[in-house]
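So the sequence shown is numbered by this note's numbering: it starts at 3 and just counts up by one.
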Amino acid sequence: MARAILLIGPVGSGKTTTLHELEAILAARGEPHAILDLDWLAWAAPAPVTGLTAHDLLIRNLADVWRNFQAAGIRRIALARALHDDGEVQAVRAALSGCETLVVDLVGDVALLRERVQRRDAGVELAEHLAMLDAYERGERYLLADAVVEIDDRTPVQVARDVLAVAGW
3 MARAILLIGP VGSGKTTTLH ELEAILAARG EPHAILDLDW LAWAAPAPVT
53 GLTAHDLLIR NLADVWRNFQ AAGIRRIALA RALHDDGEVQ AVRAALSGCE
103 TLVVDLVGDV ALLRERVQRR DAGVELAEHL AMLDAYERGE RYLLADAVVE
153 IDDRTPVQVA RDVLAVAGW
């Protein structure tokens, strides 16, 4: 059976970095796999007349990419995105047709997340990400994860190993 790990969590929680570490571990094992930062499937501004949102495009693109990965013999995929509600998570699960998907929430201290975001972002993106972290700090979380992995005081390799452990990979 095909299996997926969907990394969620606030901005700055290390989702993309963890993806890269997962890829290195799976490659070292010689396992066919794929990693995918879902942001790249949604960075678009659809024409208003279509009625499509960037999230709609993400889901359509993911379904197509997943079919291509399966045709290449890939049965393990790790994905990442800061999703906003359980409906978005369910849409990702549906796009991964025939795939058992484990949702792992990467959580950390808000001060650490702010520090990471302030180091890497600037301008409008920084302001947007800091506002997201303000909401996170207020407890405005609307996602239910299957597992939680703490990132505080942990290296990316440790976080990736914990993710694989909770996934049973």
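Think of the CB as a built atom: it goes at the ideal place given N, C-alpha and C, for glycine as much as any other residue.
Going along the chain, which residues of its own chain have a beta-carbon closer than 6 Å to the beta-carbon of residue i, five neighbours each way excluded?
| i | result |
| --- | --- |
| Glu23 | Pro158, Val159 and Ala162 |
| Ala80 | Ile7, Leu21, Leu24 and Ile37 |
| Ala97 | Ile61, Leu64 and Ala65 |
| Thr123 | Note that residue 123 corresponds to Asp in the displayed sequence, not to Thr. Once the five neighbours on either side are set aside, the close Cβ partners of Asp123 are His131. |
| Trp68 | Leu98 |
| Arg95 | Thr103 |
| Thr19 | Pro158 |
| Leu166 | none |
Figure out for me which residue from the options has the closest Cα to the Cα of residue i.
| i | options | result |
| --- | --- | --- |
| Gly170 | Asp148, Asp154, Arg156 and Glu152 | Asp148 |
| Asp154 | Arg118, Val126, Ala133 and Leu146 | Arg118 |
| Gly32 | Arg156, Ala137, Leu59 and Arg78 | Arg78 |
Ordered along the chain, which non-local residues of its own chain (more than five positions away) have a Cβ less than 8 Å from that of residue i?
| i | result |
| --- | --- |
| Ala47 | Ala56 |
| Lys17 | Leu9, Ile10, Gly11, Asp39, Ala82, Arg83, Ala84 and Leu108 |
Under 8 Å, do residue i and residue j count as touching if we go by C-beta distance?
| i | j | result |
| --- | --- | --- |
| Val106 | Val168 | yes |
| Leu43 | Leu64 | yes |
| Gln120 | Leu114 | no |
| Leu135 | Arg116 | yes |
| Pro34 | Ile76 | yes |
| Leu28 | Asp88 | no |
| Val112 | Glu152 | no |
| Gly125 | Ser15 | no |
In three-state DSSP terms, what is residue i?
| i | result |
| --- | --- |
| Thr1 | This structure leaves residue 1 out entirely; the chain is present only between 3 and 171. |
| Thr103 | strand |
| Glu130 | helix |
| Leu64 | helix |
| Ala84 | coil |
| Leu115 | helix |
| Arg77 | coil |
| Leu146 | coil |
| Leu166 | helix |
Please return the same chain residues whose Cβ sits closer than 7 Å to the Cβ of residue i, not counting the five positions on each side in sequence.
| i | result |
| --- | --- |
| Gly100 | Ala4 |
| Asp41 | Arg83 |
| Val150 | Asp107 and Val109 |
What runs of the alpha helix (DSSP H), each 4 residues or longer, lie entirely inside the region 5–49?
17–31
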